[in-house]
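Colleague: Before I ask anything, here is the structure I am working with.
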Amino acid sequence: QRALDLAAKHVIDRSTFGERLADRQGVRWMLADCASEIYKARLMLLHIAYKAEKGMDLRNENGIAKVFMANMVHQVVDTALQLHGALGYSHDTPLARWYTGIRSQRLVDGPDEVHRWRTGANVIKAYEKYGTTASACGGELFD
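This note's numbering puts the first residue of the sequence shown at 3, with every later residue one more than the last.
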């Protein structure tokens, strides 16, 4: 969220060729994509929290969330850095530091490929057992 906040402030304050960056369609699309990804991550966390409160098994959801959120954070920070241009690497913003640190989060608790392999196996197992993949995709939203 903070990276998107920094990007929004920057594109509002920065003008090139007599026009604010915030008024350019491509820039707005980049911001919209970031907002959409953050929203999806929040919904995913709420669903996992709900299932955790119910004492439900979260192993599959945790793997899916780990991959999605680590990649989402990487994409949002990368977009914020892109919108800042060279200024994103300055000491005035934490973006370059975040960008470097985020990469390690995609390795903690196993790289993405391990979690994706496991999720794929769960999809196959769910379909073979139940005739649907729903249980491998978070199951029912609410019981």
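For each residue, glycine too, the CB sits at the ideal point set by N, CA and C.
Nearest CA to the CA of Glu63: which residue from Leu97, Asn124, Asp7?
Modeller: In the sequence shown, the residue the question calls residue 63 occupies position 61. That would be Asn124, whose Cα lies nearest to the Cα of Glu63.
Colleague: As an exercise, report each continuous alpha helix (DSSP H) stretch of at least 4 residues that is fully enclosed by the segment 68–144, in chain order.
Modeller: Fully enclosed alpha helix (DSSP H) runs of 4 or longer: 97–107, 114–132.
Colleague: For Ala10, report the span of its alpha helix (DSSP H) as first-last.
Modeller: Working through the sequence shown from its first residue, we reach residue 10 at position 8. First-last of the alpha helix (DSSP H) with Ala10: 4–15.
Colleague: Below 8 angstroms, how does it come out for the segment 26–43 and the segment 99–114: are there three or more Cβ pairs, yes or no?
Modeller: No, the segment 26–43 does not touch the segment 99–114.
Colleague: Ala184: which of Asp35, Gln107, Gly140, Cys139 sits nearest, CA to CA?
Modeller: An answer regarding residue 184 cannot be provided, because it is not within the stretch 3 to 145 covered by the chain.
Colleague: Mark Gly87 as exposed unless 16 or more other C-beta atoms lie within 10 angstroms of its C-beta, in which case mark it buried.
Modeller: Working through the sequence shown from its first residue, we reach residue 87 at position 85. Burial call: exposed.
Colleague: Name the residue from Gly57, Asp35, Ala67, Glu55 whose alpha carbon lies nearest to the alpha carbon of Arg44.
Modeller: Indexing the sequence shown from 1 puts residue 44 at position 42. Arg44 has its Cα closest to that of Ala67, out of Gly57, Asp35, Ala67, Glu55.
Colleague: For a test of the three-state rule: what should DSSP assign to Arg22, helix, strand or coil?
Modeller: In the sequence shown, counting from the first residue as 1, residue 22 sits at position 20. It is a strand residue.
Colleague: Quick one: what does DSSP say Met32 is sitting in, helix, strand or coil?
Modeller: By 1-based counting over the sequence shown, the position of residue 32 is 30. Reduced to three states, the DSSP call for Met32 is helix.
Colleague: Just the C-alpha distance for Ala51 and Tyr132, rounded to the nearest angstrom, thanks.
Modeller: Locating residue 51 in the sequence shown gives position 49, counting from the first residue. Locating residue 132 in the sequence shown gives position 130, counting from the first residue. Going by the C-alpha atoms only, they are around 25 angstroms apart.
Colleague: If we call anything under 8 angstroms between Cβ atoms a contact, is Leu6 one with Ala128?
Modeller: Here residue 6 refers to the residue found at position 4 of the sequence shown. Here residue 128 refers to the residue found at position 126 of the sequence shown. Against a cut-off of 8 angstroms, the Cβ pair of Ala128 and Leu6 comes out as no contact.
Colleague: So, with DSSP's three-state summary, where would you put Leu60?
Modeller: Position 58 of the sequence shown holds residue 60. DSSP places Leu60 in coil when its eight states are reduced to three.
Colleague: Whole angstroms are fine: how far does the CA of Leu48 sit from the CA of Glu55?
Modeller: Here residue 55 refers to the residue found at position 53 of the sequence shown. Here residue 48 refers to the residue found at position 46 of the sequence shown. When rounded, the distance between both Cα atoms is 11 angstroms.
Colleague: Assign Met32 to buried or exposed, taking buried as 16 or more other Cβ atoms, counted over all protein chains shown, within 10 Å of its Cβ.
Modeller: In the sequence shown, counting from the first residue as 1, residue 32 sits at position 30. Answer is buried; the Cβ neighbour count reaches 16.
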